[in-house]
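J.:
Numbering (UniProt numbering), first residue to last: 1 to 412.
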């Protein structure tokens with residue numbers, strides 16, 4: 001009799017696990033709570049699906065902070081180059097953008113997802129939508145399905161239910177109580193790659209909400225990074241903010257304060273700015289002095305007025321210092337539901353080297369359920385694909401070595 005595997009979660013990690021397991025001779029059923037599969041993948045693809053990054057592999061593998069060591073074997077086995085080859089095998093050629101990010105030539109997720117699902121169905125994978133996991137049974141998993149509660153019997157299970165960002169797309173963290181009840185150690189979810197709230201004055205908020213702040217650098221404990229961000233009605237967001245998000249979030253957790261240091265004129269030195277500003281007539285308005293002495297107008301000039309001490313704005317030396325290091329205080333991260341991704345989840349100590357839960361033999365986990373985070377730039381998707389692949393291989397190896405017929409939750 002063919003041994004059966006249940007995969008829960010139809011995102012990149014779960015779909016990759018199904019692909020690997022479909023080649024092992026096992027019966028594979030993939031269940032997802034949503035009406036369609038890959039919803040978060042499709043959302044990511046609306047602005048161009050960032051599949052991976054083209055940087056040297058060791059550098060890519062080091063982008064995962066404290067979890068880099070645990071993720072390294074999975075990433076070594078499925079590198080950024082492997083991601084590109086895999087996409088090409090689905091008929092989706094890729095290209096490297098100017099930032100090193102890798103995108104499908106079509107700049108969409110839908111062609112890749114359609115080809116992927118066709119391949120899985122062609123290999124016999126059973127895809128069940130509107131099946132919401134609601135816990136364990138002695139010989140399988142329980143689901144809430146359109147026909148009512150349903151038991152899916154299986155010899156092993158792989159959970160790829162995502163973290164807790166974008167809950168409307170299915171990653172709602174609802175799985176946590178069922179694992180906690182079985183003694184699996186969990187770390188609280190926290191927003192990652194998120195915006196932050198700033199206490200703008202009403203005048204600044206009304207005039208500049210939605211304004212992009214381009215060609216700046218920002219410094220935090222994460223380092224100094226060049227890029228751009230957007231002023232929002234309640235704070236800041238955008239790629240440059242996301243690059244500092246973990247450092248700002250952790251600083252706020254420690255002492256309730258965090259600063260982003262902005263260099264509004266990275267192409268000029270402080271000394272040159274001070275000289276150019278000092279040449280401006282004393283009676284000139286601040287707007288004219290900034291425009292003629294620093295080439296600064298619009299939202300950048302407004303940020304100086306909003307955040308700089310009034311006395312400093314009249315003094316060329318102090319104003320130059322502010323332009324090169326303007327403190328932008330953030331008060332709190334935006335809510336987890338708005339974050340691009342989440343930190344936290346299943347503790348690495350709860351998982352063995354095969355991605356099996358130590359407290360639940362035969363139950364494997366992958367993707368953002370695990371406690372790791374990474375910046376945007378293709379790293380998130382690469383790690384989801386790599387851990388889905390690694391967990392599937394671990395599951396297949398475990399089944400090959402386990403005693404056939406015993407309930408999977410009770411096997412040693």
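The beta-carbon is built from N, C-alpha and C at its ideal position, and this holds for glycine as well.
In chain order, what residues of the same chain lie with their CB nearer than 8 Å to the CB of residue 94, ignoring the 5 residues before and after it?
T.: Within the chain shown, residue 94 is the residue found at index 94, counting from 1. Contacts found: 51, 84, 87, 88, 102, 103, 104, 105.
J.: For residue 282, which option in 314, 17, 115 has the closest C-alpha, if you only look at C-alpha atoms?
T.: On the chain shown, residue 282 is found 282 positions in, with the first residue counted as 1. For residue 282, the nearest C-alpha among the options comes from 314.
J.: Quick one: Cα of residue 370 to Cα of residue 355, how far?
T.: Residue 370 sits at position 370 when you count from the first residue of the chain shown. Residue 355 sits at position 355 when you count from the first residue of the chain shown. Whole-angstrom Cα-Cα distance: 10 Å.
J.: I'd like the list of long-range same chain contacts for residue 342, defined as Cβ closer than 7 Å, with 5 residues on each side in sequence excluded.
T.: Within the chain shown, numbered from 1, the residue matching residue 342 stands at position 342. 163, 164, 165, 189, 190, 191, 192, 336, 368, listed in sequence order.
J.: Give the DSSP-derived three-state secondary structure of residue 18 in the structure shown.
T.: As a working note, residue 18 is residue 18 in the chain shown. Of the three classes helix, strand and coil, the one that applies to residue 18 here is helix, per DSSP.
J.: What is the residue span of the beta strand (DSSP E) that residue 102 lies within?
T.: One-based indexing of the chain shown puts residue 102 at position 102. Residue 102 -> beta strand (DSSP E) spans 101–104.
J.: Unbroken alpha helix (DSSP H) runs of length 4 or more, entirely within the stretch 334–406: which are they?
T.: Within the stretch 334–406, the complete alpha helix (DSSP H) runs of at least 4 residues are 379–401.
J.: Got a sec, what are the start and stop residues for the alpha helix (DSSP H) residue 121 sits in?
T.: Along the chain shown, read from residue 1 onward, the residue named residue 121 stands at position 121. Per DSSP, residue 121 belongs to the alpha helix (DSSP H) from 110–122.
J.: With respect to the beta strand (DSSP E) encompassing residue 4, which residues constitute its N-terminal and C-terminal limits?
T.: Here the question's residue 4 lines up with position 4 in the chain shown. That run of the beta strand (DSSP E) goes 4–8.
J.: Taking the runs of the beta strand (DSSP E) that are 3 residues or longer, which of them lie wholly in the stretch 45–96?
T.: 94–96, all fully within the stretch 45–96.
J.: Should the stretch 121–131 be regarded as contacting the stretch 14–23, the criterion being three or more beta carbon pairs within less than 8 Å?
T.: Yes, since at least three Cβ pairs between the stretch 121–131 and the stretch 14–23 fall closer than 8 Å, the two stretches touch.
J.: Suppose you measure from the CA of residue 96 to the CA of residue 49; what does that come to, to the nearest Å?
T.: Numbered from 1 along the chain shown, position 96 holds the residue referred to as residue 96. Numbered from 1 along the chain shown, position 49 holds the residue referred to as residue 49. Spanning the two alpha carbons is a distance of roughly 12 Å.
J.: Quick one: Cα of residue 235 to Cα of residue 195, how far?
T.: Within the chain shown, the letter at position 235 stands for residue 235. Within the chain shown, the letter at position 195 stands for residue 195. About 7 Å.
J.: Go ahead and pull the three-state DSSP assignment for residue 276.
T.: Residue mapping note: residue 276 aligns to position 276 of the chain shown, counting from 1. In this structure, residue 276 counts as helix in the three-state DSSP scheme.
J.: For residue 227, which residues in the same chain have their Cβ closer than 6 Å to its Cβ, ignoring the five residues on either side in sequence?
T.: Here residue 227 corresponds to residue number 227 of the chain shown, with the count starting at 1. Once the five neighbours on either side are set aside, the close Cβ partners of residue 227 are 239, 240.
J.: Residue 154 by DSSP, collapsed to three states: which one?
T.: For the purposes of this step, residue 154 is identified with residue 154 of the chain shown, where counting begins at 1. Here residue 154 sits in coil by DSSP.
J.: Three Cβ pairs or more, each shorter than 8 Å: is that satisfied between the stretch 249–265 and the stretch 215–232?
T.: With a cut-off of 8 Å, the stretch 215–232 and the stretch 249–265 count as touching, because enough Cβ pairs lie within range.
J.: Nearest to residue 250 by alpha carbon, out of 373, 34, 398, 17?
T.: Indexing the chain shown from 1 puts residue 250 at position 250. Of the listed residues, the one whose Cα sits closest to residue 250 is 373.
J.: If we ignore side chains and look at the alpha-carbon of each, how far apart do residue 425 and residue 175 end up?
T.: No answer is possible for residue 425: it lies beyond the span of the chain, which begins at 1 and ends at 412.
J.: Within its chain, find whatever has a CB closer than 6 Å to the CB of residue 276; leave out the 5 residues flanking it on each side and keep chain order.
T.: Indexing the chain shown from 1 puts residue 276 at position 276. Taken in chain order, the residues that qualify are 293.
J.: Going by DSSP in three states, residue 239 sits in which element: helix, strand or coil?
T.: Reading the chain shown from its first residue, position 239 is the one you call residue 239. In the structure shown, residue 239 sits in a helix (DSSP, three-state: H, G or I).
J.: Give me, in chain order, the residues of the same chain whose beta-carbon lies closer than 6 Å to that of residue 229; leave out the 5 immediate sequence neighbours on both sides.
T.: What you label residue 229 is simply residue 229 of the chain shown in a count that begins at 1. Answer for residue 229: 213, 236, 238, 240, 241, listed in chain order.
J.: From the DSSP output, in three-state form, read off residue 175 for me.
T.: On the chain shown, residue 175 is found 175 positions in, with the first residue counted as 1. Coil, per DSSP.
J.: Would DSSP call residue 220 helix, strand or coil?
T.: Stepping through the chain shown from its first residue, residue 220 is reached at position 220. Residue 220 falls in the strand class under three-state DSSP.
J.: Let's see if you can read the secondary structure: which residues bound the alpha helix (DSSP H) around residue 322?
T.: Counted from its first residue, the chain shown places residue 322 at position 322. First-last of the alpha helix (DSSP H) with residue 322: 316–324.
J.: Identify, in the order they occur along the chain, each residue of the same chain with its Cβ nearer than 7 Å to the Cβ of residue 307, setting aside the five sequence neighbours on each side.
T.: Counting from one through the chain shown, the residue named residue 307 turns up at place 307. Excluding residues within five positions, the ones whose Cβ falls inside 7 Å are 326, 327, 328.
J.: Quick check on the burial criterion: 16 or more other C-beta atoms within 10 angstroms. Buried or exposed for residue 118?
T.: Reading the chain shown from its first residue, position 118 is the one you call residue 118. By the 10 Å Cβ count, residue 118 comes out exposed.
J.: What is the rounded straight-line gap between the Cα of residue 387 and the Cα of residue 44?
T.: The count along the chain shown starts at 1 and reaches residue 387 at position 387. The count along the chain shown starts at 1 and reaches residue 44 at position 44. About 19 Å.
J.: Counting only the same chain and skipping the five closest in sequence on each side, list residues whose C-beta sits under 6 Å from that of residue 224.
T.: The count along the chain shown starts at 1 and reaches residue 224 at position 224. Result list for residue 224: 217, in chain order.
J.: The ligand GTP and residue 207: does the residue's C-beta get closer than 7 Å to at least one heavy atom of that ligand?
T.: Among the components modelled here there is no ligand, and therefore nothing to report on the ligand GTP.
J.: Rounding to the nearest angstrom, what Cα-Cα distance links residue 30 and residue 197 in this structure?
T.: Working through the chain shown from its first residue, we reach residue 30 at position 30. Working through the chain shown from its first residue, we reach residue 197 at position 197. The straight-line gap from Cα to Cα measures roughly 39 Å.
J.: Between which residues of its own chain and residue 61 is the CB-CB distance below 8 Å, once the five residues before and five after are set aside?
T.: On the chain shown, residue 61 is found 61 positions in, with the first residue counted as 1. Excluding sequence neighbours, residue 61 sits near 68, 71, 72, 75, 76.
J.: For residue 250, does the three-state DSSP call read helix, strand or coil?
T.: Numbered from its first residue, the chain shown carries residue 250 at position 250. In this structure, residue 250 counts as helix in the three-state DSSP scheme.
J.: Identify the continuous alpha helix (DSSP H) that holds residue 299 and give its terminal residues.
T.: Translated into the one-based positions of the chain shown, residue 299 becomes position 299. Residue 299 -> alpha helix (DSSP H) spans 298–307.
J.: Could you tell me whether the Cβ of residue 143 comes closer than 8 Å to any Cβ of chain C?
T.: The structure shown contains no chain C; it is built from a single protein chain.
J.: Let's test the definition: count the other Cβ atoms within 10 Å of the Cβ of residue 334 and tell me whether it reaches 16, buried, or not, exposed.
T.: Counting from one through the chain shown, the residue named residue 334 turns up at place 334. It counts as buried.
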